[in-house]
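In the working numbering, the protein residues as written are 1 to 168. Reviewing the structure listed below.
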């Protein structure tokens, strides 16, 4: 996936690992729990809650009855996957942090688009909260996407603060 002399295998393994972890955990939640059930893992902090999200992040468009919703979401996700793959394969994903971040986003995006294609919704199950304040329920793919975005931003901020010789 990387155009320069560095090995592409670590990035391929990272994306495959994210995809595998995402699909295995979703499969386990689907087989071992019923939709809507909740299991406390860490009281006051973490539950497993089996939910299904036909929309996008934070449940946006979940209540939409528009027939174009699912194909549009799948098309957009596939376009993002293609763009990230192109960035990685042509060496345009930045330095090592950017490449790792893009690879995490790639693995997570593939995991969620697979759900949309196979299940017509995304299985979410991680429920983090403090007291009565709950964050939106999410999954391993979502976690990889957020972590990947943070790595890309970190690299951008690091490069912004320390201009390279080429830009100086």
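C-beta atoms are modelled at their ideal positions from N, C-alpha and C, and glycine is treated no differently. As the structure is a computational prediction, the values presented were derived from the model and not from experiment.
For residue i, name the three-state secondary structure that DSSP assigns.
{"i": "residue 33", "result": "coil"}
{"i": "residue 129", "result": "strand"}
{"i": "residue 137", "result": "coil"}
{"i": "residue 123", "result": "strand"}
{"i": "residue 90", "result": "coil"}
{"i": "residue 143", "result": "helix"}
{"i": "residue 8", "result": "coil"}
{"i": "residue 149", "result": "helix"}
{"i": "residue 14", "result": "helix"}
In the DSSP assignment, the alpha helix (DSSP H) including residue i goes from what residue to what residue?
{"i": "residue 114", "result": "96-119"}
State the start and end residues of the unbroken beta strand (DSSP E) segment that holds residue i.
{"i": "residue 46", "result": "46-53"}
{"i": "residue 38", "result": "38-42"}
What's the call for residue i, buried or exposed, on a 16-neighbour Cβ count within 10 Å?
{"i": "residue 50", "result": "buried"}
{"i": "residue 75", "result": "exposed"}
{"i": "residue 158", "result": "exposed"}
{"i": "residue 152", "result": "buried"}
{"i": "residue 77", "result": "buried"}
{"i": "residue 148", "result": "buried"}
{"i": "residue 102", "result": "buried"}
{"i": "residue 202", "result": "Because the chain is modelled from 1 through 168, residue 202 falls outside the range shown and cannot be assessed."}
{"i": "residue 35", "result": "exposed"}
{"i": "residue 111", "result": "buried"}
Write down the C-beta distance between residue i and residue j rounded to the nearest angstrom, noting that I regard them as a contact closer than 8 Å.
{"i": "residue 108", "j": "residue 144", "result": "4 Å"}
{"i": "residue 48", "j": "residue 29", "result": "7 Å"}
{"i": "residue 81", "j": "residue 40", "result": "About 35 Å separates the two Cβ atoms, so there is no contact after all."}
{"i": "residue 11", "j": "residue 73", "result": "At roughly 26 Å, the Cβ-Cβ gap does not stay under 8 Å, so residue 11 and residue 73 are not in contact."}
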